[in-house]
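Numbers in the numbering used here are just positions in the sequence shown, counted from 1, shifted up by 1. Ideal Cβ positions, reconstructed from N, Cα and C, are used throughout, including at glycine.
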Amino acid sequence: RPEFALPLVEQFAALLGEQGVPTQTGEFGAHMLVEIANDGPVTIYLER
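In structure tokens:
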């Protein structure tokens, strides 16, 4: 449910940013084509 999920996503992104982790967000719930470069030991892929 977006009314619960959106604040959690925003809070998580803010916490990562406070720790110096670069983050970007898009339009919540929209279909987006994104391009990433895996750089590190872990990639977390979430799919609905």
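- With respect to G30, P3 sits close: the two C-beta atoms are nearer than 7 Å.
- Sequence-distant partners of L17 (beyond 5 residues in either direction) whose C-beta falls short of 7 Å from its own C-beta, in its chain, are T24.
- For P42, no alpha helix (DSSP H) run applies, since DSSP gives it neither H nor E.
- In this structure, DSSP gives A15 a helical state, which the three-state scheme calls helix.
- Between the alpha carbons of A15 and L34 lies a distance of about 22 Å.
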